[in-house]
Amino acid sequence: MLTSARFGVTVEEVDAALGGDLASQPSIHFAISFLPSDEILMRATASYSAFLSPAAMEQALFNLKPRLAKTVERTGLAGSVLLCHVDSSEHISRREEVGKRDGAEWSAVAGRAAAKLESARAAGEAPARSGGRKLLGLRRKKVDKGQGQPWDALGGDVEC
Numbered sequence: 019m020l021t022s023a024r025f026g027v028t029v030e031e032v033d034a035a036l037g038g039d040l041a042s043q044p045s046i047h048f049a050i051s052f053l054p055s056d057e058i059l060m061r062a063t064a065s066y067s068a069f070l071s072p073a074a075m076e077q078a079l080f081n082l083k084p085r086l087a088k089t090v091e092r093t094g095l096a097g098s099v100l101l102c103h104v105d106s107s108e109h110i111s112r113r114e115e116v117g118k119r120d121g122a123e124w125s126a127v128a129g130r131a132a133a134k135l136e137s138a139r140a141a142g143e144a145p146a147r148s149g150g151r152k153l154l155g156l157r158r159k160k161v162d163k164g165q166g167q168p169w170d171a172l173g174g175d176v177e178c
């Protein structure tokens, strides 16, 4: 998937720019389509049984990704290249993180999420007053009940 695609880019431009890189994997065919989220989906399908396992397909796409990323950066077609999994109706069920540049596999993403949960639990054992909002202790003025109304000072000599 190509994210942050250049405005006005067409399927023909994407195919022309990436055709050489995509041809390096002759056993994988790519169908290019546009998603409603302004991303470009390049759906990969295998032509023979060597790539029927998901792990083999993922490894082939993982190996192709750096080459595609260089071409995309050089031509200015899009901002980044991501690996993702889509269903038959082109709904994305999982994708790589956008800021991730090292290209680690899906298990690394899940591993970092588990590490964040553990660190959050450890932080929960810290004192409860370590963060949060602090309110300034302002108080209302006290009404002095000893004084009467301001017109009482006139001694009843008030005109309405």
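Under our numbering, think of the first position of the sequence shown as 19, with each following residue one higher.
Even glycine gets a Cβ: it sits at the ideal position worked out from N, Cα and C.
Values in this document were obtained by computation on a predicted structure and should not be read as measured data.
Integer-rounded CB distance, given that residue j should sit under 8 Å from residue i
| i | j | result |
| --- | --- | --- |
| E57 | A23 | 7 Å |
| L59 | F80 | Wrong, their Cβ atoms sit about 17 Å apart, outside the cutoff. |
| R61 | A49 | 5 Å |
| L82 | Q43 | 6 Å |
Distance, residue j Cα to residue i Cα
| i | j | result |
| --- | --- | --- |
| H109 | G97 | 21 Å |
| V99 | S65 | 23 Å |
| V104 | S111 | 6 Å |
| E31 | A78 | 24 Å |
| A35 | T21 | 16 Å |
| S107 | V90 | 26 Å |
| L53 | L156 | 54 Å |
Own chain residues within Cβ distance below 6 Å of residue i, not counting five before or after
| i | result |
| --- | --- |
| T63 | H47 |
| R92 | none |
| S51 | L59 |
Opposing strand residues paired with residue i [DSSP bridges]
| i | result |
| --- | --- |
| L59 | S51 |
| H103 | R112 |
| T21 | S98 |
Close-in-space but distant-in-sequence residues of the same chain around residue i (CB under 7 Å, 5 per side omitted)
| i | result |
| --- | --- |
| V27 | L95 |
| D33 | I50 |
Own chain partners of residue i with C-beta closer than 8 Å, once the 5 adjacent residues on each side are dropped
| i | result |
| --- | --- |
| K159 | none |
message: Under 8 Å, with one C-beta from each stretch per pair, do the segment 31 to 40 and the segment 105 to 115 reach the 3-pair mark?
response: Counting Cβ pairs under 8 Å, fewer than three are found: no touch.
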